[in-house]
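**Q** Numbering (the numbering used here), first residue to last: 105 to 262.
No residue lacks a Cβ here, since even glycine has one placed at the ideal position from N, Cα and C.
To start, I am sharing the structure in question, which I have written as structure tokens.
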């Protein structure tokens, strides 16, 4: 049984889950792009070309993806508070394509609670280039975020 609950607005879809682990342990997964494939509930993240490293505010990192066909994305860490918050904004590494595709923000907020951490994942399309292209993905994205939080819990509690 999932203990995720929905928190959404017009341009933001969020889910949250209580995970019985300290925020530091969860944050360590989120700040290592090489681990994003392990936590991705959508199955689209394939690899981080840069390998394992700890992200910092302003860092850019690439991701090899596959959804039908293979493609690449580049993300920039735009918010970071150690053990509490990380957000990155993704776009195409192809400059011309990046003018029409991308801009969505993936955000993870960690709130320490008795016995663990409340984790909120958000898909924020407020800065997406063409919102009409991604809005139809909203319900599928929500389901995938719930799977991501379940994967994070599995990784930090086993």
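Mapping the DSSP letters down to three states, classify residue 238 as helix, strand or coil.
**A** helix
**Q** Determine the direct distance from the alpha carbon of residue 233 to that of residue 204, and round the result to whole angstroms.
**A** Distance from the CA of residue 204 to the CA of residue 233, rounded to the nearest whole angstrom, comes to 5 Å.
**Q** Mind checking residue 137: buried by the 16 CB within 10 Å criterion, or exposed?
**A** Here residue 137 is buried, its C-beta having at least 16 other C-beta atoms within 10 Å.
**Q** Relative to the C-alpha of residue 166, which residue among 150, 130, 172 is closest?
**A** 150
**Q** How should residue 110 be labelled, buried or exposed, when 16 other C-beta atoms within 10 angstroms of its C-beta is the threshold for buried?
**A** In this prediction, residue 110 scores a pLDDT of 46, lower than 50, which makes its location untrustworthy; the coordinate-derived value is nonetheless stated afterwards. With fewer than 16 other Cβ atoms from the protein chains shown falling within 10 Å of its own Cβ, residue 110 counts as exposed.
**Q** Suppose you measure from the CA of residue 170 to the CA of residue 214; what does that come to, to the nearest Å?
**A** 28 Å
**Q** Taking 6 Å as the limit between beta carbons, can you name the residues of its chain near residue 105, skipping five residues before and five after?
**A** In this prediction, residue 105 has a pLDDT of 35, which is less than 50 and means its spatial position is unreliable; what the coordinates show is noted afterwards. Same-chain partners within the cutoff: there are none.
**Q** Whole angstroms is fine: what's the gap from residue 153's alpha carbon to residue 115's?
**A** 30 Å
**Q** Within the continuous beta strand (DSSP E) that includes residue 151, where are the two ends?
**A** 149 to 151
**Q** Using C-beta distances below 8 Å, list every residue in its chain close to residue 148, excluding the 5 sequence neighbours before and after it, in chain order.
**A** Exclusion of the five residues before and after residue 148 leaves 169, 170, 171 as the residues of its chain whose Cβ lies within less than 8 Å of its Cβ.
**Q** Where does residue 258 sit, in a helix, a strand or coil, going by DSSP?
**A** helix
**Q** When the distance is taken between beta carbons, is residue 228 closer than 8 Å to residue 208?
**A** yes
**Q** Which residue's Cα is closest to the Cα of residue 112: 225, 163, 196, 216?
**A** Considering only alpha carbons, the answer is 225.
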